[in-house]
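The structure appears right after this line, and notes come after that.
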Amino acid sequence: MDTKVLVVDDDMPIHFLLKNLLKDDFTVLNAHNVREAKEALTEHQISLILSDIHMPEITGLEFLESLRKQERYNQIPFLIMTNLPTVEKEQKAFDLGAEDFIKKDLLINNKDKVLHIIRTKIETNSNFSSTD
Amino acid sequence: MLIPEKSLILLVDDTQANLRLLSHVLKKEGYNYLEATNGLEAIELAEKHEPDLILLDIMMPGLDGFEVIKRIKKIDLLSDVPIIFLSSLTETDDKVQGFKYGGVDYITKPFQKEETLARIRTHLKIRFLQKQLNDRIKVLRDREVQLSRLNQKKDDLVRMVSHDIKNPLTGIIGLVKLMRDSDKISAEEQTQMLSVIEESGTNLLNLVREVLDRESNKMETEEIEYADIQFSDLIERVISMNKAKAVVKNISLTYSVTPRKLKVRIDPNKIEIVINNLVSNALKFTPSDGKSKVHADVKRDGNDLIISVTDTGIGIPEKMQKDLFKDTKKLSRIGTSGEVGTGLGLDIVQLYVELHGGEIWVESEIDKGTTFFIKLPEVT
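Pasting the structure below:
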């Protein structure tokens with residue numbers, strides 16, 4: 001079965017960058033806002049979510065918070081991405097249960113690191129899931 | 001202001017003859033005065049009338065002058081009022097004690113008229129200068145608070161603009177690198193990426209324009225300059241300024257003015273900016289699906305003017321509506337062509353409407369559209 005990664009961002013270029021980075025390993029689903037992301041979750045088996053913070057209507061952090069309260073989704077690794085990282089945002093993301101906090105600059109400067117993080121999170125999670 | 005003639009002086013002495021003498025001198029100089037013959041009466045009058053200066057006898061039955069000054073210094077409103085002691089005592093001890101309790105000067109009886117007046121004038125002058133200084137300090141403190149608030153606003157704006165600039169830039173640089181470094185990109189993908197790069201670049205340009213517009217709007221005075229105009233002229237200008245944007249997004253952009261030759265008395269420059277901002281926002285947040293409309297409607301309602309700008313756009317979530325008119329700290333939103341919204345603009349709209357004594361409100365439904373209403377009172 002193919003592994004699906006859901007990218008949630010209102011910024012088009014990010015979708016292109018991530019799709020190109022991930023397409024050899026995963027199927028990438030694109031959502032431009034949280035509403036679309038929720039639809040994708042009901043229709044697909046998602047292995048990892050990568051979400052921007054600043055989006056109209058519902059922010060990535062609010063999305064994360066709502067997923068962590070739902071048993072169906074609370075095991076899916078959730079990575080927060082942002083262009084303007086702050087210590088507060090990072091802390092908030094981890095407090096809410098994010099698996100990692102990714103600065104978007106990495107998509108330009110160190111794509112391999114992003115790929116590595118995503119691979120590792122998915123592998124760890126699938127090992128964990130298969131043992132229970 | 002230093003107007004000694006209007007100063008109020010409280011005279012406190014248990015000897016009627018002294019009071020008469022002092023009041024006679026003060027009256028001739030044009031001062032207002034109050035008389036008290038004992039300490040308790042003095043405190044009561046001082047609290048009630050807040051004199052500018054007190055002449056206080058030391059030796060009095062009941063509360064003596066030192067007791068009176070101790071109590072007066074504890075009263076907030078009176079603690080700064082200069083107090084000059086009066087006494088026939090000439091011992092240095094008394095003088096020292098008087099100064100210790102906060103007296104500013106000392107006059108010995110029998111009074112020498114010129115000396116008494118000179119001391120009164122000097123202390124009144126100090127008192128008034130001190131008051132002026134305190135007022136200045138208060139103004140400066142208020143301004144400091146105001147400035148720090150403005151500075152905070154500016155910081156917020158800079159942060160928001162930085163975010164809105166950084167996002168498209170990350171995209172542009174990322175995509176260019178990707179196209180240069182990867183050989184696995186199809187021609188179709190390349191075309192898509194190029195158009196995304198173009199769009200991001202356009203967004204950046206729009207953002208910079210928006211900030212510049214805001215700066216130039218700020219330059220205009222915040223005073224109203226009324227003029228009698230025919231409203232259709234104004235709205236036609238706004239429509240023609242936005243026509244190109246509407247054509248590009250395939251949105252029908254229309255207006256109506258009832259009655260057709262409506263004449264109003266408003267500040268045309270400010271109201272033009274108001275309507276222009278609303279119309280260009282409406283275009284920004286309306287998707288181009290072929291049936292999209294933006295309509296500006298102007299009607300007379302008694303002597304008032306009702307302006308509304310309606311779109312068939314994405315709508316404004318309820319929780320965001322509440323924040324629209326509060327402050328400039330609005331959430332940044334992205335338009336339906338990915339246009340960057342910094343929340344600039346609506347605060348100017350609100351300000352200009354309020355300068356006209358008008359009101360602004362919004363009705364909106366998600367995915368159905370939004371209408372902004374403006375009511376300008378007594379303009380027709």
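Protein sequence lines correspond, in order, to chains A and B. For the first sequence, our numbering assigns the number 1 to the initial residue and increments by one for each residue that follows. For the second sequence, our numbering assigns the number 1 to the initial residue and increments by one for each residue that follows. Just so you know, even glycine gets a beta-carbon here, dropped at the ideal spot from N, CA and C. No experiment lies behind these values; they were computed from the predicted model shown.
Check	Outcome
Could you give the uninterrupted runs of the beta strand (DSSP E) lying entirely in the region 100-184 of chain B, keeping only those of 3 residues or more?	105-108
Name the residues in the region 312-327 of chain B whose C-beta lies less than 9 Å from a C-beta of chain A; which are they?	I314, P317, K319, M320
Which term fits T462(B), buried or exposed, when burial requires 16 or more other beta carbons within 10 angstroms of its beta carbon?	Absent from the structure is residue 462(B), since the part of chain B shown begins at 1 and ends at 380.
Under the rule that 16 or more other beta-carbon atoms within 10 Å means buried, what is P110(B), buried or exposed?	exposed
For V5(A), which of I102(A), N30(A), P13(A) has the nearest alpha-carbon?	N30(A)
One question on the structure: do L17(A) and G315(B) come within less than 8 Å of each other, judged by their Cβ atoms?	no
Can you name the residues of chain A whose CB is closer than 9 Å to the CB of V201(B)?	In the sequence as displayed, the identity of residue 201(B) is Gly instead of Val. Result: empty, since nearest Cβ-Cβ is about 11 Å, beyond 9 Å.
I'd like to know whether the C-beta of T170(B) is nearer than 8 Å to at least one C-beta of chain A.	yes
Between the C-alpha atoms of D267(B) and D367(B), what's the straight-line distance to the nearest angstrom?	34 Å
Who are the Cβ neighbours of K270(B) in its own chain at under 6 Å, not counting the five residues just before and after it?	Y352
Which residue from N134(B), D13(B), P168(B) puts its Cα closest to that of N83(A)?	P168(B)
Does the Cβ of L50(A) have 16 or more other Cβ atoms within 10 Å, making it buried, or fewer, making it exposed?	buried
Given a cut-off of 8 Å on the beta-carbon distance, is the pair E47(B) and L78(B) in contact?	yes
If I follow the unbroken beta strand (DSSP E) through S186(B), where does it start and stop?	Where S186(B) is concerned, there is no enclosing beta strand (DSSP E), given that its DSSP letter is neither H nor E.
What is the DSSP secondary structure of Y255(B), reduced to helix, strand or coil?	strand
Do the CB positions of V379(B) and V264(B) come within less than 8 Å of each other?	yes
Report yes or no: do the region 371-378 of chain B and the region 286-305 of chain B share at least 3 C-beta pairs separated by less than 8 Å?	yes
CA-CA distance, L115(A) and T371(B)?	45 Å
Rounding to the nearest angstrom, what Cα-Cα distance links A37(A) and N127(A) in this structure?	25 Å
How far does the beta strand (DSSP E) with V264(B) in it reach, from first residue to last?	263-266
Quick one: Cα of E35(B) to Cα of K73(B), how far?	19 Å
Count the other C-beta atoms from every protein chain shown that fall within 10 angstroms of the C-beta of T120(A), then say buried if there are 16 or more, exposed otherwise.	exposed
Name the chain A residues whose beta carbon is nearer than 7 Å to that of E174(B)?	Checking the displayed sequence, the identity of residue 174(B) turns out to be Gly instead of Glu. What G174(B) touches in chain A: P13, L17, L107, I108.
Counting only C-beta atoms, is L84(A) closer than 8 Å to chain B at any point?	yes
In the DSSP assignment, what residue or residues form a beta bridge with E67(B)?	Its beta-bridge partners do not exist; DSSP assigns none.
Do the CB positions of S232(B) and R260(B) come within less than 8 Å of each other?	yes
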